[in-house]
């Protein structure tokens, strides 16, 4: 049931706003549903059109919280009677084009690997909010869009659209009005999203599509297309957009975007975002991002003066608990309490400063620019002019004030810089000294012991401090070759006639290197060998060169591979997937996601696991 519904006319569609009168409450006007009726299925339209978009943003959370309530296992769920099935639609096909809504320029194209990773990340984020069950359907529009025949699509779908009307869409008109380029690829996006709605209805009987307010045009066109194709009545539900501090849509590439993935935006930052919202937004956001009762929200939003900060803390903790879990929310709240109210600096991010800068004296504005707290010296001066900067707890009055060694000495060798309630740094030295001291107290601090070899008595050596005779084995001399007369003779000869070595790109290729390569080739029964002076370089150069020479190869790399292998793969510029360490199932899922068109691939594995995996025969191809 939909509680407290009020009807109004909205263009060609009859719409209504609603708020819930029971345990949970939604802002009147936050949600708009086109054409009242019962729904047998609902689709959350999720698109990802940027390299960073393996998560979704806080602007999406409003309807995720609503959906969370709708499929929760309690008797008074919002859509318990009209919403028996939930379909999640991922834009694996449309992401190859990009929705122009709210965009000033064409989106960057994504590779197949990036799209697969984004889909997995987005689904994982959505699933944190929603209760799972057999009624949940996950659909990817690539399933039908990649099978579409162009001429048939133009006849069935293109003929139902008016270019005149499409030119009037906000997403199109705003770009044209600013004389900004709009490709035909983006112009046709509305046809594809509309067609998605049709296919979801045909395949899963989906009749309700949810999206942000900027998706109104796309959703309405989908409803209209369904009507023209003779489908049952379709519906649309939109939520107000969450805006950045500058009033812009919080897109995936917008500065200040708040991601729901903890790896992209930590739970601490998520908590701080809601803690620092404007006072006037507290009530609205409590309704949108929490599951508090109407009475609790009313009590919190009526707080005045400094007391409103307590409401913000409740908002931050409740919203973070839904997104990241209760323990993460409480930890974030406690960390903020220690830093901003108890002035505990432990664990704050730090920034090293060269002693020469301090000796010369460095202005506070310059310090803010160097540490990244402000983009420029002029921005730092504006912050200081507005009394927004503190050093060691004191408000800075003069932007040109020069900090010297004395300022650091007064505070134990470091200073704490405070900008507003979001940005602090301190000198790194104290942090490292405290870490080293903690290791010493735990008995884990190690000091190197000096030894000297006893000539002719391998593997015996003498400990320098105690003069004790000990056995000394090491991996690069486990055969005692340093004591072998033939090896010593060759080393003496080379040191006199060749001198100190170096990479052959600089020092040249000596005859000794050529002889070594011939010996290695004969030893392994190969036509030739290539010797590197460094194992790191050997891996990096070989992997990069080999991969660059094989067309269409896709690389699957263990996340804990040696950095030399990772650098070699990166510099090859080949499409790559990263699978969890030694996780065969994750590797298989990535291979499947890469699609049947995969012509050739390279497995980059950690050495101890390689033999076991290859012997299994699973990846013999």
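In the numbering used here, the protein residues as written are 86 to 706.
Yeah, the Cβ is synthetic: ideal placement off N, Cα and C, and Gly gets one too.
This structure is a prediction, so every number in the text was calculated from the model and none was measured.
TODO: Determine, using beta-carbon pairs with one atom in the segment 305-325 and one in the segment 256-267, whether at least three such pairs fall under 8 Å.
DONE: no
- [ ] Work out the CA separation of residue 450 and residue 204 for me, nearest whole Å.
- [x] As a first step, residue 204 is located in the chain shown; it is residue number 119 there, counting from the start. As a first step, residue 450 is located in the chain shown; it is residue number 365 there, counting from the start. Cα to Cα, residue 204 sits roughly 43 Å from residue 450.
Task: DSSP beta-bridge partners of residue 662 - done: Stepping through the chain shown from its first residue, residue 662 is reached at position 577. For residue 662, which the question treats as bridged, DSSP gives the partners 641.
Task: Selection from 687, 499, 305 that minimises the alpha carbon distance to residue 282 - done: Here residue 282 is taken as the residue at index 197 of the chain shown, counted from 1. Checked all of 687, 499, 305; the closest Cα to residue 282 is 305.
TODO: Rounded to whole angstroms, what's the CA-CA distance from residue 605 to residue 599? Just pull it up for me.
DONE: For the purposes of this step, residue 605 is taken as residue 520 along the chain shown, with counting starting at 1. For the purposes of this step, residue 599 is taken as residue 514 along the chain shown, with counting starting at 1. Those two C-alpha atoms are separated by around 10 Å.
Task: Under 8 Å between C-beta atoms of residue 421 and residue 356 - done: For the purposes of this step, residue 421 is identified with residue 336 of the chain shown, where counting begins at 1. For the purposes of this step, residue 356 is identified with residue 271 of the chain shown, where counting begins at 1. It is a contact, given that the beta carbons lie within the stated cut-off.
Open item on the list: I want to check one thing, is the minimum distance from the CB of residue 658 to the heavy atoms of the ligand SAH below 7 Å?
Closed with: This structure lacks the ligand SAH; in fact it carries no ligand of any kind.
Task: First through last residue of the alpha helix (DSSP H) which encompasses residue 476 - done: As a position in the chain shown, residue 476 is number 391, starting the count at 1. From DSSP, residue 476 is part of no alpha helix (DSSP H) but of the beta strand (DSSP E) over 474-476.
- [ ] Tell me where the beta strand (DSSP E) around residue 320 begins and ends.
- [x] Looking up residue 320 in the chain shown gives position 235. Per DSSP, residue 320 belongs to the beta strand (DSSP E) from 320-324.
- [ ] State the DSSP-derived secondary structure class of residue 296, mapped to helix, strand or coil.
- [x] For the purposes of this step, residue 296 is taken as residue 211 along the chain shown, with counting starting at 1. Residue 296 falls in the strand class under three-state DSSP.
TODO: Write down the C-beta distance between residue 319 and residue 307 rounded to the nearest angstrom, noting that I regard them as a contact closer than 8 Å.
DONE: Stepping through the chain shown from its first residue, residue 319 is reached at position 234. Stepping through the chain shown from its first residue, residue 307 is reached at position 222. 7 Å between Cβ atoms; contact.
Open item on the list: Tell me whether the segment 374-387 and the segment 231-251 touch, counting them as touching only if at least three CB pairs, one residue from each stretch, are closer than 8 Å.
Closed with: no
TODO: Pull up the distance between the alpha-carbon of residue 347 and that of residue 354, whole angstroms please.
DONE: For this step, residue 347 is matched to residue 262 along the chain shown. For this step, residue 354 is matched to residue 269 along the chain shown. Between the alpha carbons of residue 347 and residue 354 lies a distance of about 9 Å.
Open item on the list: Can you look up residue 441 in the DSSP assignment and give me helix, strand or coil?
Closed with: Taking the chain shown and counting its residues from 1, the one referred to as residue 441 is at position 356. Helix.
Task: Separation of residue 573 from residue 546, as counted between CA atoms - done: Looking up residue 546 in the chain shown gives position 461. Looking up residue 573 in the chain shown gives position 488. Rounded to whole angstroms, residue 546 to residue 573 spans 18 Å at the Cα level.
Task: Spatial distance of residue 675 from residue 642 (CA atoms) - done: Mapped onto the chain shown, residue 675 falls at position 590. Mapped onto the chain shown, residue 642 falls at position 557. Going by the C-alpha atoms only, they are around 11 Å apart.
Task: Burial state of residue 639, where buried means 16 or more other Cβ atoms lie within 10 Å - done: The residue you call residue 639 lines up with position 554 of the chain shown. It is buried - the Cβ of residue 639 has at least 16 other Cβ atoms within 10 Å.
Open item on the list: Using the three-state DSSP reduction, which class does residue 479 fall into: helix, strand or coil?
Closed with: As a working mapping, residue 479 is identified with position 394 in the chain shown. Residue 479: strand per DSSP, three-state reduction.
Task: Alpha carbon of residue 533 to alpha carbon of residue 617, nearest angstrom - done: Taking the chain shown and counting its residues from 1, the one referred to as residue 533 is at position 448. Taking the chain shown and counting its residues from 1, the one referred to as residue 617 is at position 532. When rounded, the distance between both Cα atoms is 30 Å.
TODO: Could you give the DSSP three-state label for residue 281: helix, strand or coil?
DONE: On the chain shown, position 196 is the one that residue 281 refers to. Helix, per DSSP.
TODO: Specify, as a first and last residue, the run of the beta strand (DSSP E) that residue 362 falls within.
DONE: The count along the chain shown starts at 1 and reaches residue 362 at position 277. No beta strand (DSSP E) holds residue 362; DSSP gives it neither H nor E.
Task: Of the residues 463, 286, 668, 504, the one placed nearest residue 485, counting alpha carbons only - done: For this step, residue 485 is matched to residue 400 along the chain shown. Closest option to residue 485, Cα to Cα, is 463.
Open item on the list: Suppose contacts are defined by Cβ-Cβ distances below 8 Å. Is residue 371 in contact with residue 400 by that definition?
Closed with: By 1-based counting over the chain shown, the position of residue 371 is 286. By 1-based counting over the chain shown, the position of residue 400 is 315. It is a contact, given that the beta carbons lie within the stated cut-off.
- [ ] From the DSSP output, in three-state form, read off residue 576 for me.
- [x] Taking the chain shown and counting its residues from 1, one reaches residue 576 at position 491. Reduced to three states, the DSSP call for residue 576 is helix.
TODO: Kindly give me the distance between the Cβ atoms of residue 446 and residue 487, rounded to whole angstroms, as I take these residues to be in contact under 8 Å.
DONE: Indexing the chain shown from 1 puts residue 446 at position 361. Indexing the chain shown from 1 puts residue 487 at position 402. The Cβ separation is near 4 Å, so the contact holds.
Task: Status (buried if at least 16 other CB within 10 Å, exposed otherwise) for residue 591 - done: Here residue 591 is taken as the residue at index 506 of the chain shown, counted from 1. So residue 591 ends up on the exposed side.
Open item on the list: I'd like the span of the alpha helix (DSSP H) that includes residue 538, first residue to last.
Closed with: The residue you call residue 538 lines up with position 453 of the chain shown. No alpha helix (DSSP H) contains residue 538, which is instead part of the beta strand (DSSP E) from 536-538.
TODO: Helix, strand or coil for residue 726, going by three-state DSSP, please let me know.
DONE: What the structure shows of the chain is the stretch from 86 to 706, and residue 726 is not part of that stretch, so it cannot be assessed.
Task: 8 Å Cβ cutoff met for residue 687 and residue 632 - done: Here the question's residue 687 lines up with position 602 in the chain shown. Here the question's residue 632 lines up with position 547 in the chain shown. Yes, the Cβ-Cβ distance between residue 687 and residue 632 is below 8 Å.
TODO: Grab the span of the beta strand (DSSP E) containing residue 504 for me, first residue to last.
DONE: Locating residue 504 in the chain shown gives position 419, where the first residue counts as 1. Run containing residue 504: 501-504, per the beta strand (DSSP E) assignment.
Open item on the list: Can you tell me whether residue 481 is buried or exposed? The criterion is at least 16 other CB atoms within 10 Å of its CB, across all chains shown.
Closed with: As a working mapping, residue 481 is identified with position 396 in the chain shown. So residue 481 ends up on the buried side.
Task: Cβ neighbour criterion (16 or more within 10 Å) applied to residue 269 - done: Here residue 269 refers to the residue found at position 184 when the chain shown is read from its first residue. Residue 269 is exposed by the Cβ-count criterion.
TODO: Classify residue 360 as buried or exposed, calling it buried when 16 or more other Cβ atoms lie within 10 Å of its own Cβ.
DONE: Residue numbering aside, residue 360 sits at position 275 when the chain shown is read from its first letter. The residue is buried, with at least 16 neighbouring Cβ atoms inside 10 Å.
Task: Close Cβ partners of residue 554 (< 7 Å) along its chain, the five nearest in sequence each way excluded - done: As a working note, residue 554 is residue 469 in the chain shown. Contacts found: 545, 547.
Task: Where residue 227 falls: helix, strand or coil (DSSP) - done: Residue mapping note: residue 227 aligns to position 142 of the chain shown, counting from 1. DSSP places residue 227 in helix when its eight states are reduced to three.
TODO: Just mark residue 248 as buried or exposed, buried being the case when its beta carbon has 16 or more other beta carbons within 10 Å.
DONE: Within the chain shown, the letter at position 163 stands for residue 248. With fewer than 16 Cβ atoms within 10 Å of its Cβ, residue 248 is classed as exposed.
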